[in-house]
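Asker:
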Amino acid sequence: MRIHHLNCGTLTPPGESMVCHVLLLEVGRHLVLVDTGFGSADVRAPGRLGPVRHLLRPALRPEETAVARIRALGLDPAAVSDVVLTHGDLDHAGGLVDLPHAQVHLLAAEQRAIRHPRGLLEAQRYRPSQWAHGPRITPHRPGAVRWKGFEGCVDLSTVAPGMLLVPMPGHTAGHAGVAIPAGSGWLLHAGDAFHSALSLREGSSRLDVRVRQGLLAHDEPALRSTQHRLGALARRDPAVRIINSHDRKLWEQA
Numbered sequence: 001m002r003i004h005h006l007n008c009g010t011l012t013p014p015g016e017s018m019v020c021h022v023l024l025l026e027v028g029r030h031l032v033l034v035d036t037g038f039g040s041a042d043v044r045a046p047g048r049l050g051p052v053r054h055l056l057r058p059a060l061r062p063e064e065t066a067v068a069r070i071r072a073l074g075l076d077p078a079a080v081s082d083v084v085l086t087h088g089d090l091d092h093a094g095g096l097v098d099l100p101h102a103q104v105h106l107l108a109a110e111q112r113a114i115r116h117p118r119g120l121l122e123a124q125r126y127r128p129s130q131w132a133h134g135p136r137i138t139p140h141r142p143g144a145v146r147w148k149g150f151e152g153c154v155d156l157s158t159v160a161p162g163m164l165l166v167p168m169p170g171h172t173a174g175h176a177g178v179a180i181p182a183g184s185g186w187l188l189h190a191g192d193a194f195h196s197a198l199s200l201r202e203g204s205s206r207l208d209v210r211v212r213q214g215l216l217a218h219d220e221p222a223l224r225s226t227q228h229r230l231g232a233l234a235r236r237d238p239a240v241r242i243i244n245s246h247d248r249k250l251w252e253q254a
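Residue numbers (full-length UniProt numbering): 1 to 254.
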């Protein structure tokens, strides 16, 4: 299994340049995506992203869409059989419209929130236009697997060998990480469970990052608990490489 690290959406909020860190897995003849970033429809019509685009300030370059990134690698987007979402935010799910044949995997709690958003935050983060094409969704309830101190993990080995969907609550109602065996260890894509690597170091997170994470959190105490467990994992197990969705340095080091 070969893993590619893609930037499928540059974000330029005030004072920072961020990426949308997407994983592309070559699994035999099939391709699997972890998140999708923005899609071609978002590039053509930015207004479909709603007012939050004025905060995120996405570059929306056609060459940064997942399908364009896949073609640039000499691969066929039609070979994407599955997409595994950490969550359904607009900067993670926009590329689904370009992959209508793919099976989409996410936690059932996240699917419920997407279908029935509650409050202003959920109404803005889940954009109906990104889901209007009717993607083929497989919602997963928390499973029986325990991994590295995280409970309720879902075995997705039918999607990619050894893959796990790891509940990491807080950022959204059904936020999850994705763990993938890599060499002698693991690669863990933690989505938006943290925005900066500093968040995993006790007392080191920048104030602006803490404020942003708090404003976007569905459940801030749960988010802090998730970050505490991720920080503990990072300290005790160097065989687990932890990345996230938006830290540019983590993407550049991939």
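Just so it is clear, CB atoms sit at the ideal spot from N, CA and C, and this is done for glycine as well.
Could you give the distance in angstroms between the alpha-carbon of D35 and the alpha-carbon of V83?
Answerer: Rounded to whole angstroms, the gap between the alpha carbons of D35 and V83 is 7 Å.
Asker: To which residues of the same chain is A217 closer than 8 Å at the C-beta, ignoring the five residues directly before and after it?
Answerer: G170, H171 and L223
Asker: Just how far apart, CA to CA, sit L250 and P128?
Answerer: 30 Å
Asker: Under 7 Å, do A179 and L200 count as touching if we go by C-beta distance?
Answerer: no
Asker: W131 to L96, Cα distance in whole Å?
Answerer: 8 Å
Asker: Using 8 Å as the Cβ pair cut-off and three pairs as the minimum, do the stretch 177-197 and the stretch 51-63 touch?
Answerer: Verdict: no, contact absent.
Asker: My assumption, with CB atoms under 8 Å, is that F38 sits in contact with G9. Please give the rounded CB distance.
Answerer: Sure, about 4 Å apart at Cβ, within 8 Å.
Asker: By the three-class DSSP mapping on this structure, what secondary structure does R201 have?
Answerer: coil
Asker: Which one of L90, L25 and V67 has the shortest CA to CA distance from P46?
Answerer: The shortest C-alpha separation from P46 is found at L90.
Asker: As a quick exercise: from D208, L85 and A102, pick the residue whose alpha carbon is nearest that of A108.
Answerer: Residue nearest to A108 within the set D208, L85 and A102 is L85 (criterion: CA-CA distance).
Asker: Following the continuous beta strand (DSSP E) through G177, name the residue where it begins and the one where it ends.
Answerer: A176 to A182
Asker: Does the beta-carbon distance from V52 to Q124 come in below 7 Å?
Answerer: The answer is yes: Cβ separation under 7 Å.
Asker: Under a three-way DSSP split, which group does R2 fall into?
Answerer: strand
Asker: Which residues in the same chain as V209 place their Cβ atom closer than 8 Å to its Cβ, once the five residues preceding and following it in sequence are excluded?
Answerer: H195, S196, L198 and S199
Asker: Assuming contact is defined by CB atoms lying nearer than 7 Å, are P142 and G152 in contact in what I supplied?
Answerer: yes
Asker: CA-CA distance, R236 and A41?
Answerer: 43 Å
Asker: Ordered along the chain, which non-local residues of its own chain (more than five positions away) have a Cβ less than 7 Å from that of V159?
Answerer: Same-chain partners within the cutoff: V32, D82, V84 and H105.
Asker: Taking Cβ positions, are L233 and V240 nearer each other than 7 Å?
Answerer: yes
Asker: Return the chain-ordered list of same chain residues with a C-beta closer than 8 Å to the C-beta of R48, the five sequence neighbours on each side being excluded.
Answerer: A41, D42, R127, S129 and Q130
Asker: Can you tell me where the beta strand (DSSP E) with D82 in it begins and where it stops?
Answerer: It spans V80 to V84 - the beta strand (DSSP E) in which D82 sits, taken as one unbroken run.
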